[in-house]
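Participant: Chains as they are written, first to last, in the working numbering: chain A, 17 to 130; chain B, 19 to 131. All C-beta atoms, glycine included, are put in the ideal place defined by N, C-alpha and C. Quantities reported herein were computed from a predicted structural model and do not represent experimental measurements. I have a structure I would like to understand better, so I am pasting it below and will then ask my questions one at a time.
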């Protein structure tokens, strides 16, 4: 089956610190990979995605590279801000028959302190 | 373009009751998925509907059911509520083809007393 393993949280950083949230996956087939973010009181929203090996997704200073050889999709940001405090979910989606069904990691809560 | 909307946003019920939650997807999206989010279990997939047919189903008891209408709006129903059903229920829509991004609504927070 499909699964996503995320680095356990919570993660607390000071503003302007470097962020890495690890994500590894197992999948049948060739998945697309996603990072979603959930702010307090809201649903999830797409942060970035990558659809094939060596693709780099990026958005709002966050980036992640699809590494097929290590089955990983680690999220990084060079300098976090207080406004980045949220829960981050790594996810994968496989084939057309499961198009509406993504597999999510457990989420990593990030708190950034001023 | 309007996003995914869910109603109601908050709900309080007592054990044994039933509840119906509603989700309106982004216009043009034909796939609607439902997820249950709890602090202990994380995000768990309930089911997915595509063109009024249930296409995928998660590992939940039969008390959890859903349907999709011809306009792609979807409802999920939970019968005989249990305390453990207290959760945030998230709906997500997508075109329904391929390995695509899902667009989430804000969720319905259900509290069972």
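Pick helix, strand or coil for residue 102 of chain B, following the three-state DSSP scheme.
Facilitator: helix
Participant: Would the region 23 to 40 of chain A count as touching the region 99 to 106 of chain B if we require 3 or more Cβ pairs under 8 Å?
Facilitator: no
Participant: Helix or strand or just coil, what does DSSP make of residue 148 of chain A?
Facilitator: There is no way to answer for residue 148 of chain A, as the model of chain A reaches only from 17 to 130.
Participant: Between the Cα of residue 102 of chain A and the Cα atoms of A:92, A:78, A:53, which residue gives the shortest distance?
Facilitator: A:53
Participant: Near residue 69 of chain A, which residues of its chain fall below 6 Å by C-beta distance, leaving aside the five closest residues on each side in sequence?
Facilitator: 82, 84
Participant: What are the residues that DSSP puts in a beta bridge with residue 63 of chain B?
Facilitator: Per DSSP, the beta bridge partners of residue 63 of chain B are B:53.
Participant: So, for residue 25 of chain A: in the same chain, excluding its five sequence neighbours on each side, which residues have a beta-carbon less than 6 Å away from its beta-carbon?
Facilitator: 124, 125
Participant: Drop a sphere of 10 angstroms on the beta-carbon of residue 76 of chain A, count the other beta-carbons inside from all chains shown, and report buried for 16 or more, exposed for fewer.
Facilitator: exposed
Participant: Ignore the nearest five residues each way along the sequence and tell me which others in residue 113 of chain B's own chain have a CB closer than 8 Å to its CB.
Facilitator: 46, 47, 48, 49
Participant: Provide the residue span of the beta strand (DSSP E) that contains residue 75 of chain B, from first to last.
Facilitator: From DSSP, the beta strand (DSSP E) with residue 75 of chain B extends over 71 to 75.
Participant: Can you say whether residue 128 of chain B is buried or exposed, counting buried as having 16 or more other CB atoms within 10 angstroms of its CB?
Facilitator: Looking at its Cβ environment, which holds 16 or more other Cβ atoms inside 10 Å, residue 128 of chain B is buried.
Participant: What is the residue span of the beta strand (DSSP E) that residue 31 of chain B lies within?
Facilitator: First-last of the beta strand (DSSP E) with residue 31 of chain B: 28 to 31.
Participant: On the premise that residue 41 of chain A lies in contact with residue 19 of chain A, defined as a C-beta separation below 8 Å, what is that separation, rounded to the nearest angstrom?
Facilitator: Indeed, because the Cβ distance is near 7 Å, the residues count as touching under 8 Å.
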